[in-house]
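To start, the structure under review is shown below, and the notes come after it.
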Amino acid sequence: MSTEIRVPDIGSAADVDVIEIQVKPGDVIEKEQSIITLEGDKATMDIPSPQAGTVKEIKVKVGDKVSKDSLILILDGAASETASKKEVPAEVSRVGKASQSEACPPTSNGGHANALPTLRDSVEDDEDNGDAHAGPGARRLARELGLELTKINGTGPKQRVLKEDIHQYVKGALSKGGGGMGLPTAPVVDFSQFGPIETKPLSRIKKLSATNLHRNWLLVPHVTQFDEADITDLESFRRDQLPIAEKQGVKLTPLAFIIKASVAALKAFPNFNASLDATGEQIVHKQYFHIGVAVDTPDGLVVPVIRNADQKGIFEIAKELGEISVKARNKALTPGDMQGSTFSISSLGGIGGTAFTPIVNVPNVAILGVSKSSVKPVWRDIASKQGAFELAGEFIPRLMLPLSVSYDHRVVDGAEGARFTSYLAKCLSDLKILLL
Ligand code: CAO
68 MSTEIRVPDI GSAADVDVIE IQVKPGDVIE KEQSIITLEG DKATMDIPSP
118 QAGTVKEIKV KVGDKVSKDS LILILDGAAS ETASKKEVPA EVSRVGKASQ
168 SEACPPTSNG GHANALPTLR DSVEDDEDNG DAHAGPGARR LARELGLELT
218 KINGTGPKQR VLKEDIHQYV KGALSKGGGG MGLPTAPVVD FSQFGPIETK
268 PLSRIKKLSA TNLHRNWLLV PHVTQFDEAD ITDLESFRRD QLPIAEKQGV
318 KLTPLAFIIK ASVAALKAFP NFNASLDATG EQIVHKQYFH IGVAVDTPDG
368 LVVPVIRNAD QKGIFEIAKE LGEISVKARN KALTPGDMQG STFSISSLGG
418 IGGTAFTPIV NVPNVAILGV SKSSVKPVWR DIASKQGAFE LAGEFIPRLM
468 LPLSVSYDHR VVDGAEGARF TSYLAKCLSD LKILLL
């Protein structure tokens, strides 16, 4: 059975332009699927089909002017019950900056009066694309893809952006490389023209970490907070413990203490022991403390995980660190050994440097970079009166450990970043906090 689909009652808006046809002959359409878009003086609106069926013939073209009851298309196989008085809302969106309301008493097919919403400024929460010239369908698509309509060339009437323009834009962006993000690509250079060269393939680990690091660098808005911890007392304690550790076959480096201090700071600042969920709209706080530790191997960087670090003592952590380092360097880590971290640490303290900016290990939201400790003069105020600024004191030599905490600024704000880092420094400076 064929059914004529006509323009519903669009109120005072007569002789409005057809600016987009969203279906073609042969399309199987669903009830309430948008079939054409109309544009009046102040608004655009999608006209939905009042029933499901197969489009047999389209009776309008872009640029036509239509009014109530103008024939839009012929639908085959349509169910007759749907042509009854049912609510079929027209989707309406703003044109330019129009803000007035316009009455649009609605109907469904065949001139049956229905209760459609009033034609109004905008029904779409579409602030970014508000000024763009596009219909509701194109706006919806742009919003789903996270695109700004103003950046897309419109090929419709009056440079209106059509759905096809959006598809074209996405195809173009993908074919340009840079992961389809419009990133410039590195120039192709023949280095041999400048001198002898040798080309080697990247190791499998380097290729994998390259992909992850690049993704994390692009995805996460990074901030790095720097601080220093006075680890003089900690180092003295560690040195005292070395013979005992040695007897147990454990290499006790500052890193075991740093892991323990990190757990204390993570407990005090749960936003650092968290992940953003896939929607980016919820934060998942973890009640376990699994610390990923970056290990340098001849083939590249791997990040095995020390699980439940909160439940382990310093010696136990040091022992495990030794084991995972050996496993990493022998390429014996399993995927399970590298999963589930809640926070990561990259320690370059055994190598050198004063600070660096580690890249957040997604889905973690923060990473601690540790550089080499050194003895520094630290001012000790011995005559501080409340409210007075007096340089009465002395410089004393202290062993200072540089800390660099990079965090995801979507989850952690600057003040929290500074508080976390200074709390971490405090935990390392005050053995009582650490050992309790
Ligand atoms: N300041 C001063 N000395 C430090 C120190 C610090 N912050 N951290 C470690 N050290 C000392 C250790 O005490 C040890 O001294 P001794 O040899 O005298 O005992 C020496 O430096 C070497 O330590 P280590 O590196 O063997 O042990 P670790 O526990 O500190 O670290 C591991 C273990 C696996 C993390 C480390 O070997 C490693 O691979 N680090 C590199 C991580 C990396 O590549 N990160 C970059 C990621 S971003 O690209």
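Under the numbering used here, the sequence shown has 175 at position 108, and the numbering climbs by one with no breaks. C-beta: ideal position from N, C-alpha, C; glycine also.
The beta carbons of Gly436 and Pro425 sit closer together than 8 Å. Taking C-beta separations shorter than 6 Å and ignoring five residues to either side along the sequence, the partners of Asp232 in its chain run Ile219, Gly221, Thr222, following chain order. The ligand CAO never approaches Gly420 closely enough for any of its heavy atoms to be under 7 Å from the residue's Cβ.
DSSP, read as helix, strand or coil, puts Thr217 in helix.
Any heavy atom of the ligand CAO within less than 6 Å of a residue's beta carbon puts that residue on the list, which reads Thr320, Pro321, Leu322, Val360, Ala361, Val362, Asp363, Leu368, Leu388, Ser392, Ser413, Ser414, Leu415, Gly416, Gly417, Pro425, Val437, Lys439, Ser440, Leu468. Secondary structure note for Glu295: its beta strand (DSSP E) is the uninterrupted segment 289-297. Taking C-alpha positions only, Leu301 is separated from Asp497 by approximately 8 Å.
In this structure, the alpha-carbon of Gly144 lies about 23 Å from that of Thr104. It is roughly 40 Å from the alpha-carbon of Lys274 to the alpha-carbon of Val228. By the neighbour-count criterion, in which a residue is buried when 16 or more other Cβ atoms sit within 10 angstroms of its Cβ, Gln354 is exposed. Note that the region 313-333 touches the region 373-383; at least 3 beta-carbon pairs, one per stretch, sit closer than 8 Å. Considering only Glu87, Arg282, Val393, the residue with the shortest C-alpha distance to Val317 is Val393. Taking 8 Å as the cut-off, the Cβ atoms of Lys126 and Leu138 count as close. Taking every protein chain shown into account, the CB of Glu390 has fewer than 16 other CB atoms within 10 angstroms, so this residue is exposed.
Contact annotation: Ile114 and Ser101 have beta-carbon atoms nearer than 8 Å.
For Gly239, the number of other beta carbons within 10 angstroms of its own is below 16, and it is reported as exposed. Met405 sits in a helix when the DSSP states are folded into three classes. By the Cβ-count criterion, Gly262 is exposed, with fewer than 16 other Cβ atoms from all chains shown falling within 10 Å of its own Cβ. If you look at Tyr490, you'll find it in the alpha helix (DSSP H) that goes 481-496.
Counting every other CB atom within 10 Å of its CB across the protein chains shown gives Ser329 a total of 16 or more, marking it as buried. Counting C-beta pairs closer than 8 Å gives three or more between the region 394-414 and the region 356-366, which meets the contact rule.
Under DSSP, Lys132 forms a beta bridge with Asp84.
By the Cβ criterion, the region 460-470 is in contact with the region 298-314, since at least three pairs of Cβ atoms, one from each stretch, lie closer than 8 Å. For the set Ala332, Ala485, Asn340, Glu461, the Cα lying nearest the Cα of Ile500 is the one of Ala332. By the criterion of a C-beta distance shorter than 7 Å, Ala341 is surrounded in its chain by Ile350, Val351, His352, Lys353, Val432, Val478, once the five residues flanking it on both sides are discounted. In terms of CA proximity to Asn279, Val370 leads the group Leu309, Val370, Thr346. For Trp446, the beta-bridge partners assigned by DSSP are Phe462. A straight line joining the alpha-carbon of Thr252 with that of Ser270 spans about 22 Å.
The bridge partners DSSP lists for Tyr474 are Val290, Ala433. A straight line joining the alpha-carbon of Ser134 with that of Ser116 spans about 16 Å. According to the DSSP assignment, Leu322 belongs to the alpha helix (DSSP H) that extends over 321-335.
Beyond the five residues adjoining it in sequence on each side, His289 comes within less than 8 Å, by CB distance, of Thr424, Ile426, Val427, Ser473, Tyr474, Asp475, His476 in the same chain, given in chain order. Its chain contains Leu319 as the residues whose beta carbon lies nearer than 7 Å to that of Gln308, once the 5 sequence neighbours on both sides are disregarded; these appear in chain order.
Assignment of His200 by DSSP, reduced to helix, strand and coil, places it in the coil class. Between the alpha carbons of Cys494 and His200 lies a gap of roughly 57 Å.
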